[in-house]
Amino acid sequence: MSTAKRRPARAHRRPKHRRRRRYPLILLGCLTVLMELVLITTLPPAENEPGTETEDDDRTELSAPDAASEANGGSSPDEEEPPVLRRSVVDEADSASGDMEVVEGESEASGDGPTMRYVVEVEKGLPGKPGDFADAVEIILADERSWGGDGELSFARVASRDEADFTVTLAAPETVDSLCAPLQTNGRVSCSTGQQAIINQNRWVSGVEHFNGDLETYRIYVVNHEVGHVLGHNHVDCPEPGEPAPIMQQQTFGLDGCEPNGWVNP
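The sequence shown begins at 37 in my numbering and counts up one residue at a time.
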């Protein structure tokens, strides 16, 4: 039997488990919450389901034309006249060639009543585009606020004098004086004679001062007024201050308290 001393056996030590640090998990959780908050604040709102309403349902954004009219005092685009009535704002011309030229173009009858056929002619040598004037006349007479608005008449533009019941003419002031004689237009105003409505070029270009720059309304007025004479209507007075001036009032000379108006049925 050996007498050597045995070393006492070392007690078995269980390995110490290292404590896991939870800091990375906490940080990851915070980042996840932060990302969710960012997504919530940046995503667009969901569209309303059919049949639901919100407080904003009857709010509408202005389209570009609406925004422009809002900036100009809130008038609706439906109330604006066609751009052709503002076109050809050119220099005045005291005289031109004296020769008239029919402007090409035709249109369908504008209503259901008996049709009045007309031709548009412009004096040669006037500044501006004859087609712009003819288009404006066509738009004015076809409008339901013009002489055909009550259903008793309709208007159709034709291509030649032989087909026409009357003529709408644009001429220089000197030529207007000659065509309108013995009426005294004095280079200033328009007239009608027989079956011809004669529009003074300078009035078409510049209107009159007391329309306060509203050239569109003046242009509508002068066409409807002179065509009114062709149809047999006479001059009338302002019925009451503040009312729209009747179309057969001589608005070129003054308004007498009435408001400028270009339409037969405003």
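Just so it is clear, CB atoms sit at the ideal spot from N, CA and C, and this is done for glycine as well.
Residue pairing by DSSP places R153 opposite A192 in a beta bridge. Here V204 is buried. Its C-beta has 16 or more other C-beta atoms within 10 Å.
Only exposed fits V272, as fewer than 16 other CB atoms lie within 10 angstroms of its CB. With a beta-carbon spacing of about 6 Å, A132 and T211 fall inside the 8 Å limit used to define contacts.
Annotation: P302 to S146 spans about 18 Å, alpha carbon to alpha carbon.
Pairing V156 with T288, the inter-Cα distance amounts to about 22 Å. When Cβ pairs closer than 8 Å are counted between the two stretches, the segment 209-225 is seen not to touch the segment 262-271, the count staying below three.
Counted as a single uninterrupted DSSP element, the beta strand (DSSP E) harbouring C227 occupies residues C227 to T229. For A170, the enclosing alpha helix (DSSP H) starts and ends at P166 to A178. Per the Cβ contact rule, the segment 234-248 is not in contact with the segment 133-153 (fewer than 3 Cβ pairs under 8 Å). Here the alpha carbon of A281 sits roughly 27 Å from the alpha carbon of A192.
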